[in-house]
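A short write-up of the structure that comes next.
In my numbering, the protein residues as written are 889 to 1094.
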(Lines of atoms letter the chains of each structure in order from A and count residues from 1; the text may use other names and numbers.)
(Lines give C-alpha, C1' and ligand atoms only; values in the text may rest on other atoms or scores of the structure.)
Protein backbone atom coordinates (compact mmCIF):
# COMPACT_ATOMS: atom_id res chain seq x y z
CA UNK A 1 0.00 0.00 0.00
CA UNK A 2 2.37 2.72 -1.22
CA UNK A 3 0.08 5.71 -0.65
CA UNK A 4 -2.47 6.52 2.02
CA UNK A 5 -5.69 6.06 -0.02
CA UNK A 6 -7.71 8.98 1.30
CA UNK A 7 -4.78 11.38 0.92
CA UNK A 8 -4.39 10.15 -2.65
CA UNK A 9 -8.07 10.80 -3.39
CA UNK A 10 -7.89 14.27 -1.88
CA UNK A 11 -4.73 15.05 -3.84
CA UNK A 12 -6.21 13.86 -7.13
CA UNK A 13 -9.33 15.96 -6.53
CA UNK A 14 -7.33 19.06 -5.63
CA UNK A 15 -8.86 19.20 -2.15
CA UNK A 16 -5.55 19.73 -0.32
CA UNK A 17 -2.66 22.11 -0.92
CA UNK A 18 0.59 20.29 -1.59
CA UNK A 19 4.18 21.48 -1.29
CA UNK A 20 6.67 19.57 -3.43
CA UNK A 21 9.72 18.62 -1.35
CA UNK A 22 12.14 15.76 -1.03
CA UNK A 23 13.17 14.13 2.23
CA UNK A 24 16.33 16.21 2.56
CA UNK A 25 14.50 19.52 2.29
CA UNK A 26 11.83 18.35 4.73
CA UNK A 27 14.59 17.55 7.21
CA UNK A 28 16.17 20.98 6.74
CA UNK A 29 12.84 22.80 7.16
CA UNK A 30 12.33 21.09 10.53
CA UNK A 31 15.91 21.74 11.62
CA UNK A 32 15.67 25.43 10.72
CA UNK A 33 12.48 25.79 12.76
CA UNK A 34 14.04 23.93 15.69
CA UNK A 35 17.02 26.31 15.65
CA UNK A 36 14.67 29.30 15.27
CA UNK A 37 16.38 30.19 12.00
CA UNK A 38 14.44 31.63 9.05
CA UNK A 39 16.07 29.17 6.63
CA UNK A 40 18.99 26.84 6.06
CA UNK A 41 21.11 26.86 2.89
CA UNK A 42 21.50 23.64 0.93
CA UNK A 43 22.55 22.06 -2.34
CA UNK A 44 19.58 19.69 -2.13
CA UNK A 45 17.20 20.28 -5.03
CA UNK A 46 19.62 22.16 -7.26
CA UNK A 47 19.16 21.15 -10.89
CA UNK A 48 15.81 19.46 -10.16
CA UNK A 49 12.19 20.34 -10.94
CA UNK A 50 11.68 21.21 -7.28
CA UNK A 51 13.08 24.65 -7.99
CA UNK A 52 10.54 25.10 -10.76
CA UNK A 53 7.57 23.63 -8.88
CA UNK A 54 8.07 25.00 -5.37
CA UNK A 55 8.04 28.82 -5.08
CA UNK A 56 9.02 28.67 -1.40
CA UNK A 57 12.56 27.63 -2.42
CA UNK A 58 14.71 30.67 -3.09
CA UNK A 59 18.23 31.04 -4.50
CA UNK A 60 20.90 32.30 -2.12
CA UNK A 61 24.62 32.93 -2.54
CA UNK A 62 27.35 31.95 -0.12
CA UNK A 63 28.66 35.08 1.66
CA UNK A 64 32.20 33.72 1.47
CA UNK A 65 34.80 33.91 -1.28
CA UNK A 66 33.45 30.83 -3.07
CA UNK A 67 30.17 32.66 -3.86
CA UNK A 68 28.46 29.31 -4.40
CA UNK A 69 24.83 29.35 -5.55
CA UNK A 70 22.62 27.49 -3.08
CA UNK A 71 18.96 27.06 -2.21
CA UNK A 72 17.35 28.50 0.90
CA UNK A 73 14.96 26.06 2.58
CA UNK A 74 12.62 28.07 4.85
CA UNK A 75 11.73 26.92 8.35
CA UNK A 76 8.45 25.09 8.74
CA UNK A 77 5.89 27.03 10.73
CA UNK A 78 4.23 24.21 12.66
CA UNK A 79 1.09 24.79 14.72
CA UNK A 80 1.70 21.71 16.87
CA UNK A 81 3.54 18.39 17.02
CA UNK A 82 2.13 15.13 18.36
CA UNK A 83 4.57 12.21 18.46
CA UNK A 84 4.27 8.64 19.73
CA UNK A 85 7.20 7.11 21.64
CA UNK A 86 7.84 3.77 23.28
CA UNK A 87 8.54 5.01 26.81
CA UNK A 88 8.26 8.28 28.71
CA UNK A 89 8.21 9.61 32.22
CA UNK A 90 5.42 11.91 33.36
CA UNK A 91 7.47 15.03 32.58
CA UNK A 92 8.11 14.23 28.92
CA UNK A 93 11.56 12.67 28.92
CA UNK A 94 10.97 10.00 26.29
CA UNK A 95 12.80 7.32 24.34
CA UNK A 96 12.37 5.26 21.20
CA UNK A 97 13.27 1.57 21.36
CA UNK A 98 13.00 0.65 17.69
CA UNK A 99 15.46 1.21 14.84
CA UNK A 100 14.28 4.70 13.88
CA UNK A 101 13.24 7.87 15.72
CA UNK A 102 11.39 9.12 12.59
CA UNK A 103 12.41 12.75 13.26
CA UNK A 104 10.16 12.96 16.32
CA UNK A 105 12.82 15.08 18.04
CA UNK A 106 12.97 17.48 15.07
CA UNK A 107 9.19 17.89 14.96
CA UNK A 108 8.92 18.56 18.68
CA UNK A 109 11.72 21.14 18.51
CA UNK A 110 10.09 22.79 15.48
CA UNK A 111 6.69 23.19 17.17
CA UNK A 112 5.90 26.24 19.33
CA UNK A 113 5.81 26.11 23.11
CA UNK A 114 2.34 25.01 24.18
CA UNK A 115 1.88 22.82 21.11
CA UNK A 116 4.32 19.95 21.77
CA UNK A 117 2.78 16.68 22.87
CA UNK A 118 3.75 13.03 23.09
CA UNK A 119 1.78 9.86 23.56
CA UNK A 120 3.62 6.82 24.81
CA UNK A 121 3.17 3.08 25.08
CA UNK A 122 4.02 3.26 28.75
CA UNK A 123 4.76 5.99 31.32
CA UNK A 124 7.48 4.87 33.73
CA UNK A 125 9.26 6.53 36.66
CA UNK A 126 12.19 8.69 35.56
CA UNK A 127 14.77 6.49 37.28
CA UNK A 128 13.52 3.46 35.32
CA UNK A 129 13.99 4.98 31.87
CA UNK A 130 17.63 3.90 31.67
CA UNK A 131 16.64 0.26 32.22
CA UNK A 132 14.16 0.35 29.33
CA UNK A 133 16.82 0.84 26.65
CA UNK A 134 20.13 2.48 25.81
CA UNK A 135 20.73 6.07 26.89
CA UNK A 136 21.33 7.16 23.28
CA UNK A 137 17.66 6.27 22.65
CA UNK A 138 16.57 8.88 25.21
CA UNK A 139 16.30 11.59 22.55
CA UNK A 140 13.26 13.52 23.78
CA UNK A 141 13.78 15.95 26.65
CA UNK A 142 11.06 17.38 28.87
CA UNK A 143 12.18 20.79 27.54
CA UNK A 144 10.67 19.78 24.17
CA UNK A 145 7.32 18.60 25.57
CA UNK A 146 4.23 20.34 26.93
CA UNK A 147 2.03 17.32 27.60
CA UNK A 148 2.18 13.52 27.95
CA UNK A 149 -0.51 10.87 27.62
CA UNK A 150 -0.12 7.14 28.12
CA UNK A 151 -1.67 5.42 25.09
CA UNK A 152 -0.86 1.70 24.77
CA UNK A 153 -1.27 0.69 21.13
CA UNK A 154 -1.35 4.36 20.16
CA UNK A 155 0.49 3.78 16.87
CA UNK A 156 -1.86 1.05 15.64
CA UNK A 157 -2.24 0.14 12.76
CA UNK A 158 1.28 1.28 12.05
CA UNK A 159 4.25 -0.04 14.02
CA UNK A 160 5.90 0.90 17.30
CA UNK A 161 8.81 -1.52 17.26
CA UNK A 162 9.73 -3.48 19.28
CA UNK A 163 6.41 -3.26 21.15
CA UNK A 164 4.44 -4.33 18.04
CA UNK A 165 4.70 -4.37 14.29
CA UNK A 166 2.47 -3.02 11.55
CA UNK A 167 -1.00 -4.61 11.37
CA UNK A 168 -1.00 -5.35 7.65
CA UNK A 169 -4.42 -7.04 7.63
CA UNK A 170 -6.00 -4.02 9.31
CA UNK A 171 -4.17 -1.65 6.95
CA UNK A 172 -5.47 -3.56 3.94
CA UNK A 173 -9.01 -3.37 5.33
CA UNK A 174 -8.62 0.38 5.84
CA UNK A 175 -7.31 0.85 2.29
CA UNK A 176 -10.35 -0.96 0.87
CA UNK A 177 -12.63 1.48 2.69
CA UNK A 178 -11.58 4.18 0.22
CA UNK A 179 -13.35 2.36 -2.59
CA UNK A 180 -16.72 4.04 -1.96
CA UNK A 181 -18.58 6.24 0.53
CA UNK A 182 -20.50 3.14 1.66
CA UNK A 183 -17.30 1.20 2.32
CA UNK A 184 -15.89 4.10 4.32
CA UNK A 185 -19.07 4.46 6.35
CA UNK A 186 -19.00 0.75 7.23
CA UNK A 187 -15.35 0.95 8.30
CA UNK A 188 -15.94 4.12 10.28
CA UNK A 189 -18.91 2.66 12.11
CA UNK A 190 -16.99 -0.48 12.93
CA UNK A 191 -13.64 0.98 13.96
CA UNK A 192 -13.73 4.75 14.53
CA UNK A 193 -17.06 5.77 16.06
CA UNK A 194 -16.53 3.48 19.04
CA UNK A 195 -14.96 3.97 22.51
CA UNK A 196 -11.20 3.49 22.73
CA UNK A 197 -11.59 0.50 25.05
CA UNK A 198 -13.83 -1.24 22.51
CA UNK A 199 -11.32 -0.51 19.76
CA UNK A 200 -8.52 -2.12 21.77
CA UNK A 201 -10.64 -5.19 22.54
CA UNK A 202 -11.51 -5.63 18.86
CA UNK A 203 -7.88 -5.30 17.82
CA UNK A 204 -6.80 -7.85 20.44
CA UNK A 205 -9.54 -10.26 19.31
CA UNK A 206 -8.19 -10.20 15.75
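All C-beta atoms, glycine included, are put in the ideal place defined by N, C-alpha and C. Predicted model only: the values in this text are computed from it and were never measured.
{"query": "What is the DSSP secondary structure of residue 894, counted as helix, strand or coil?", "result": "helix"}
{"query": "Would you kindly work out how many angstroms separate the C-alpha atoms of residue 836 and residue 1019, rounded to a whole number?", "result": "Coverage of the chain is limited to positions 889 through 1094, which leaves residue 836 absent and any answer about it impossible."}
{"query": "In whole angstroms, what is the alpha-carbon distance linking residue 991 and residue 914?", "result": "10 Å"}
{"query": "In the stretch 911-987, which residue ranges form an unbroken beta strand (DSSP E) of at least 3 residues, counting only runs that do not cross its ends?", "result": "927-930, 946-949, 957-962, 969-976"}
{"query": "Name the two residues that bound the continuous alpha helix (DSSP H) containing residue 1056.", "result": "1056-1064"}
{"query": "First and last residue of the alpha helix (DSSP H) that includes residue 1020?", "result": "1017-1020"}
{"query": "Check this for me: beta carbons of residue 966 and residue 995, under 9 Å apart or not?", "result": "yes"}
{"query": "Counting beta carbon pairs with one atom in the stretch 976-984 and one in the stretch 941-956, are three or more of them shorter than 8 Å?", "result": "no"}
{"query": "Suppose you measure from the CA of residue 1079 to the CA of residue 1053; what does that come to, to the nearest Å?", "result": "19 Å"}
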